[in-house]
Structure formats: structure tokens, C-alpha cells
Amino acid sequence: MNANTSKHLRTAASLAAGLHFGLGLIVSGMADPAKIQNFLDLAGTWDPSLAFVMAAAVSVTFVGYRAVGAQPRPLFAEKFFWPTAKDIDAPLLAGAAIFGLGWGLSGFCPGPALTALPLLAEGTLAFVPAMFVGMWAARFAR
Amino acid sequence: MTEFTPLASALGGLMIGLAAVLLMAANGRIAGVTGIAVRILPPYEDSETPARLAFVVGLLLAPLVYLAAGGSIVQTISANLPLMMLTGLLVGFGAVYGGGCTSGHGVCGIARLSPRSMVATTTFMSVAILTVFINRHVL
Chain F
1 MNANTSKHLR TAASLAAGLH FGLGLIVSGM ADPAKIQNFL DLAGTWDPSL
51 AFVMAAAVSV TFVGYRAVGA QPRPLFAEKF FWPTAKDIDA PLLAGAAIFG
101 LGWGLSGFCP GPALTALPLL AEGTLAFVPA MFVGMWAARF AR
Chain B
1001 MTEFTPLASA LGGLMIGLAA VLLMAANGRI AGVTGIAVRI LPPYEDSETP
1051 ARLAFVVGLL LAPLVYLAAG GSIVQTISAN LPLMMLTGLL VGFGAVYGGG
1101 CTSGHGVCGI ARLSPRSMVA TTTFMSVAIL TVFINRHVL
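Taken in order, these protein sequences are the chains called F and B. Read in the numbering used here, the first sequence has 15 at position 15, and its numbers run on one by one without any break. For the numbering used here, add 1000 to where a residue sits in the second sequence, where the first one is 1.
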């Protein structure tokens, strides 16, 4: 397989994965910020649904990654790009805390916000561009 | 109130997991939405931008495909636009600064048994739970 063909196949696989991921977010109810906030509201209108999403997603990924990791290489790429960062450092904790604050106040994290974007709710239209600004800024802050 | 949906949520979670496994099996890449989304913006470090853009396009197509197939999507989203802009900044900044979000740390990282991702997930979950508690029950 030549390099150009592989690249097109990677783009196609990535499109399929993004679509499947987005459909999973919608089916699971996670594209609705109210469901996220109710999961986080242990002392109020608690909705445990997110725990079921996480449990299923992590289980499937755990088993799938083991099977895939046993292969010599991915189907359309030279090698696996497993994350290499191991440090539990200040940026990890500070970033996660800032993320948690925004997530709790809005009920949105990046995947659901992007998936909700074409539905054109005003709140989503305000959230997503600001999210990209924040992402972009953080690359230079690190 | 939102309805507790254990079956639909587990099914959706299964689909998310399969998408993550597909991306690793095909491209050798982690399905972290934050890492993918931030790299569709310059500066570009490699030549994988088309694949990342395709993943984001896939996410954007999902609701359209779902609606076209006859599904309905319920959403309750705050119309407090200054709040949504502020929280968008916090979520975007925090996710990149902390090296991942609910997908990269929460799903893929925990599935790899990464201590770093477990600490990040515990941190953002705890802060988010505390934030909602203060916002809904204290203020």
C-alpha cells in the first residue's frame, strides 16, 4: 500500500470513528448538558446514566486496546501512537481542575459540544468558538 | 430532572468504545477529542491534519445522521451566553493544559490503566461535582 493510499484510508477511518463516536454520544444521552449536570448533582436530581456510559466505553476500550496492541502495527499507519506522558504534574492537576469547573457550570465537554453544534442551540454557538480559543491559548501556555 | 437511561447509555458507551478501538486499530491514534480538536488549528506539527479534521467532521455529522434516521435529540442548554462563552474558554483551556478531557483521559486513558489519566479524571470529576453542588445547593 503506498503512502498516499494509507493517508486517504486514515482519513476515511477517522471520519468513520468520529461519526460512530458522535452517534454514541447522542444515543447515550451525553449530548444533553442537563444529563451531565444531573450526573454531577449527587445531592439533588442525580441521574447515574453517565456512569453506565463510562463503564461500557472503558470496558470495550480496555478489551479492544489489548487485542489491537497485540498486533504488530495499525492497519493504515506505520506504528501505534500510544501516549508517552507519565508525569502527574501541576499542569495535569490545574488543567483538570479548570476543565472540571467549566464542565460543571456548562454540562459540556469537547466531544458533546462539537456533536451538539449542528443543532445550533444559542448556548452551543457561544460555547464552541470560545472552547477553541481556550484550547489554542493553552497550547502556548504549557 | 432527566430520565435515568441505563440501557441507552450503556449502548452509547459501547459505541464510543468501539469508535476508540477502531481509531487505534486503523490509525494507531487515541480517540481524545481535545487532542484531535486542538490540532485542527495551527501550528501544525505533522501531516495528520486531514485525518483529525475528518474525525471532527464525523462528530458534526452524527446529529444530522441521527435525525435523518428518524431519531430525536433532547437537549437543555443554558442560553446564558456570557456564561457559555466563559465556560467554553475554561473547558478548552483546561482540557488542553491538562492533556485531555472526558474521552482522552476518562475513556482511553483509564482503559490503558494510565495513573496520569486516573488522577486527571478523578480531579475533573471531583471539581465538577463540587461546582454543581455549590452552584445548585449553596449559591
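Cβ atoms here follow ideal geometry from the backbone N, Cα and C, with glycine treated the same way. Given the structure is predicted, the values throughout are model-derived calculations rather than measurements.
Other residues of its chain near residue i: CB distance less than 7 angstroms, five sequence neighbours each side excluded
i, result
"Gly1098 (chain B)", "Ala1120"
"Cys109 (chain F)", "Trp103"
"Ala116 (chain F)", "Ala31, Thr124"
"Gly1088 (chain B)", "none"
Local conformation of residue i per DSSP, three classes
i, result
"Pro144 (chain F)", "Chain F is shown only over 1 to 142; residue 144 (chain F) falls outside these bounds and no answer can be derived."
"Ile98 (chain F)", "helix"
"Pro1042 (chain B)", "coil"
"Leu1139 (chain B)", "coil"
"Ile88 (chain F)", "coil"
"Thr1002 (chain B)", "coil"
"Pro1082 (chain B)", "helix"
"Ile970 (chain B)", "A question about residue 970 (chain B) goes unanswered here, because the residues of chain B that appear run from 1001 up to 1139."
"Leu9 (chain F)", "helix"
"Ala1069 (chain B)", "coil"
Cutoff 8 angstroms; reference residue i; Cβ partners in own chain excluding five residues on either side
i, result
"Arg73 (chain F)", "Lys79, Phe80"
Beta-carbon proximity of residue i to residue j, cut-off 9 angstroms
i, j, result
"Ser1103 (chain B)", "Gly64 (chain F)", "no"
"Ser14 (chain F)", "Gly1012 (chain B)", "no"
"Met1001 (chain B)", "Leu23 (chain F)", "no"
"Leu40 (chain F)", "Met1118 (chain B)", "no"
"Gly1092 (chain B)", "Ala97 (chain F)", "no"
"Ile1040 (chain B)", "Leu1061 (chain B)", "no"
"Met54 (chain F)", "Gly1106 (chain B)", "yes"
"Val1132 (chain B)", "Gln37 (chain F)", "yes"
"Leu114 (chain F)", "Ala1037 (chain B)", "yes"
Contact set between residue i and chain B, taken where Cβ atoms lie within less than 8 angstroms
i, result
"Asn38 (chain F)", "Met1001, Thr1002"
"Pro33 (chain F)", "Gln1075, Thr1076, Ile1077, Ser1078"
Amino acids of chain B, ordered along the chain, whose beta-carbon sits closer than 7 angstroms to that of residue i
i, result
"Pro118 (chain F)", "Leu1060, Pro1063, Leu1064"
"Pro72 (chain F)", "Simply none; closest approach about 11 angstroms."
Residues that residue i contacts on chain F, provided the C-beta gap is smaller than 7 angstroms
i, result
"Tyr1097 (chain B)", "Pro91, Ala94, Gly95, Ile98, Ala138, Ala141, Arg142"
"Ser1072 (chain B)", "None at all; the shortest Cβ gap to chain F is about 10 angstroms."
Contacts around residue i, its chain only, beta-carbon distance under 6 angstroms, and the 5 residues preceding and following it disregarded
i, result
"Lys144 (chain F)", "Absent from the structure is residue 144 (chain F), since the part of chain F shown begins at 1 and ends at 142."
Per-residue contacts from residue i into chain F (C-beta, under 8 angstroms)
i, result
"Val1107 (chain B)", "Met54, Ala57, Val58, Thr61"
"Ala1068 (chain B)", "Within chain F, no residue comes near Ala1068 (chain B); the closest Cβ sits about 12 angstroms away, beyond 8 angstroms."
Partners in chain F for residue i, counting only beta-carbon separations shorter than 9 angstroms
i, result
"Ala1140 (chain B)", "Here chain B covers residues 1001 to 1139 and nothing more, so residue 1140 (chain B) does not appear."
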